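Read left to right, the sequence shown gives residues -2 to 427 (the numbering used here). To start, the structure itself, in structure tokens.
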Amino acid sequence: MPGLLTKTDDILRQWKNLLEIRENLDSLQARQHWHEVLRLGFPEQTQEEWRYIPLDWLLDQKFVFPNPVTLNLNMIIDHALPIDALRLVFVDGRFSSELSDAEHDPFTIHVIPSTSQEAVFGNPIHPEFFLHLTESFVDQVTFIHLADGKKTTRPLYLLHITTGSNCSPCSASDKLHTSAYRCHLQQDSSTEAVVIEHFITINSSSYFTMARFTANIGNNARFKHYYFSFEDSRGSHFSHNDLSIGSDTYAESHNFLLGSRLTRHQTSIKLHGDNSRLILNSVVIPIGAEVFENRTWLEHANASCNSQQLHKTIVYDCAKAVFNGTLKVSLHAPKTSAQMNNNNLLLGSAAEVDTRPQLEIYNDDVKCGHGATISCINEEQIFYLRARGIQKSIAQRMIIEAFCSEVTEFLSHSLLKEAVQKRITDRVGG
-2 MPGLLTKTDD ILRQWKNLLE IRENLDSLQA RQHWHEVLRL GFPEQTQEEW
48 RYIPLDWLLD QKFVFPNPVT LNLNMIIDHA LPIDALRLVF VDGRFSSELS
98 DAEHDPFTIH VIPSTSQEAV FGNPIHPEFF LHLTESFVDQ VTFIHLADGK
148 KTTRPLYLLH ITTGSNCSPC SASDKLHTSA YRCHLQQDSS TEAVVIEHFI
198 TINSSSYFTM ARFTANIGNN ARFKHYYFSF EDSRGSHFSH NDLSIGSDTY
248 AESHNFLLGS RLTRHQTSIK LHGDNSRLIL NSVVIPIGAE VFENRTWLEH
298 ANASCNSQQL HKTIVYDCAK AVFNGTLKVS LHAPKTSAQM NNNNLLLGSA
348 AEVDTRPQLE IYNDDVKCGH GATISCINEE QIFYLRARGI QKSIAQRMII
398 EAFCSEVTEF LSHSLLKEAV QKRITDRVGG
């Protein structure tokens, strides 16, 4: 009947009501992103970009903001990674000065309301629907600055905690508690920094996490980035990272997607300077009926840059994984050397993986390639290990650890590597 709201209309109306509650639409930037949300419309599986990831279940949810909660420092210590780092804590999308380290040297840190013109940090490299939705919902941006020539001795640890709500379980079961995180790093020339993003949940409420991290890395700099999605299976995680990299710079970004019911993570990178090197890796392990999508967009915009990508996926039970990677070499990027590989391991009779590596090359003077493999555990390897007295479950775990090791070896901090390996072991059943 004419005049009836469709489910798509209803979810957009819900989101707009939430934005009005927090007065986000008073911000020019939020309004511009919201207009893009409306222009693009809620994604449908008939669209090529969205055909592999099921989003229809979101249309039946009721989105709410979580109630304020009070966390104590002991709880943070219990849940944080056991590393020596400069820790910034965010609770349900908002920076918590009480739970964060008071001293930030050598970084300068400002928390800026999203309504401020200072909260605008350039255009997205490769925008999509949920990037615009995240920017619409953000009500503060954490701006992190590392000035020329400064080098860090400890990692910058961004701990994002989704609490859901302090509602009773009976009232929270039909609600999706919605949070949006936004951080920007300005790393000037001749600097060195290590940044860790860590996402966790601390109760069993259903949640909808949105996050965006952007970084502008200057010339002759060194940058290492680790992304850990360790949330639980009660909700959804949508994130988009943008990295803009200058000349003569070395950068690494390693993404570990190891949690939540539905995960969609995109890394967009532009090498806009000459003679830079990038390493972009990931480990993705959905279990049960989870669905994870890992997307990358890398553009070589200038000459003589080198990039290496390795994306490892293990799919358990009846879970599903999607890899969609695009490597673009512009007309002005001769002497480019780039490789993108996606290796997949299926460990379930109903496990599914869809892989789509793509090249867009507009210069002839390049060395570029891509590849994808899909396999199961080799029974001969299992037999070999069992013949030496190793139990089948332990043998399988050893093979999985070896499969992931090409990525986990980039975790130079031993305690960090132990935490990631434990998370992987817990997900694959010990």
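Every residue, glycine too, gets a C-beta built ideally from N, C-alpha and C. Here the structure is a predicted model, which is why all the values come from computation and not from measurement.
- For the alpha helix (DSSP H) assignment, the uninterrupted runs of no fewer than 4 residues enclosed by the segment 132 to 204 are, from N- to C-terminal side, 166 to 169.
- Taking the Cα of glutamate 377 as reference, the smallest distance to any Cα among Ala392, His367, Ile371 and Val363 is reached at Ala392.
- Take proline 79, set aside five residues on each side of it, and the residues of its chain with a beta-carbon closer than 6 Å to its own are Leu412, in chain order.
- Within the DSSP secondary-structure output, histidine 262 pairs in a beta bridge with Ser236 and Asn291.
- The alpha-carbon separation between serine 201 and glutamate 228 amounts to approximately 10 Å.
- The three-state reading of DSSP puts leucine 344 in strand, counting E and B together.
- Closest in C-alpha terms to threonine 264, from the list His222, Arg394 and Phe92, comes His222.
- For tyrosine 381, the uninterrupted alpha helix (DSSP H) run begins and ends at 376 to 383, by DSSP.
- Fewer than three beta-carbon pairs drawn from the segment 287 to 299 and the segment 133 to 149 are found closer than 8 Å, and the two stretches are therefore not classed as touching.
- Counting of Cβ neighbours within 10 angstroms places tyrosine 204 among the buried residues, the total reaching 16 or more.
- Bounds of the beta strand (DSSP E) holding threonine 310 are 303 to 313.
- The segment 262 to 277 and the segment 84 to 97 do not touch, with fewer than 3 CB-CB distances between them shorter than 8 Å.
- For threonine 105 and leucine 153, the gap between their C-alpha atoms comes out near 12 Å.
- Using a Cβ distance threshold of 8 Å, tyrosine 224 and glycine 90 do not count as a contacting pair.
- Straight-line spacing of the CA atoms in glutamine 11 and lysine 172 works out to 12 Å.
- The C-beta separation of valine 425 from isoleucine 282 comes to about 7 Å, placing the pair in contact by the 8 Å criterion.
- Judged by their CB atoms, asparagine 360 and threonine 323 are not nearer to each other than the 8 Å cut-off.
- The segment 59 to 104 contains, as complete alpha helix (DSSP H) runs of 4+ residues, the segments 70 to 76 (chain order).
- Comparing alpha carbon positions, the residue from Lys59, Ser133 and Tyr49 closest to leucine 25 is Ser133.
- One alpha carbon belongs to arginine 258, the other to isoleucine 284, and they sit about 9 Å apart.
- Take leucine 275, set aside five residues on each side of it, and the residues of its chain with a beta-carbon closer than 6 Å to its own are Ala248 and Ser304, in chain order.
- In the three-state DSSP reduction, threonine 5 falls in the helix class (H, G or I).
- Residue state for valine 425 is assigned as coil, using DSSP reduced to three classes.
- Judged by DSSP secondary structure, alanine 392 falls within the alpha helix (DSSP H) whose first and last residues are 389 to 405.
- Residue Lys309 holds the alpha-carbon nearest to the alpha-carbon of serine 402 among Asp423, Lys309 and Gln58.
- The DSSP-derived three-state label of glutamate 125 is coil.
- Comparing C-alpha distances from aspartate 53 to each of Glu45, Pro40, Phe60 and Pro63 shows the shortest one belongs to Pro40.
- Within the same chain, Pro121, Arg209 and His237 come within 7 Å of leucine 128 by CB-CB distance, once the 5 residues on both sides are set aside.
- Between the beta-carbon of tryptophan 31 and that of leucine 22 there is about 6 Å, and that keeps the pair under the 8 Å contact cut.
- Arginine 353 sits in a strand when the DSSP states are folded into three classes.
- Between arginine 385 and leucine 255 the beta-carbon gap is near 30 Å, outside 8 Å, which marks them as no contact.
- Closest in C-alpha terms to aspartate 57, from the list His107, Asp6 and Glu33, comes Asp6.
- Looking at the DSSP output, glutamate 249 bridges to Lys221 and Ile276.
- Taking valine 108 as reference, the option from Val86, His123, Gly119 and Pro124 with the minimal CA-CA separation is Val86.
- Inclusion of phenylalanine 62 and threonine 159 in the CB contact set at 8 Å is not warranted, their separation being larger than that value.
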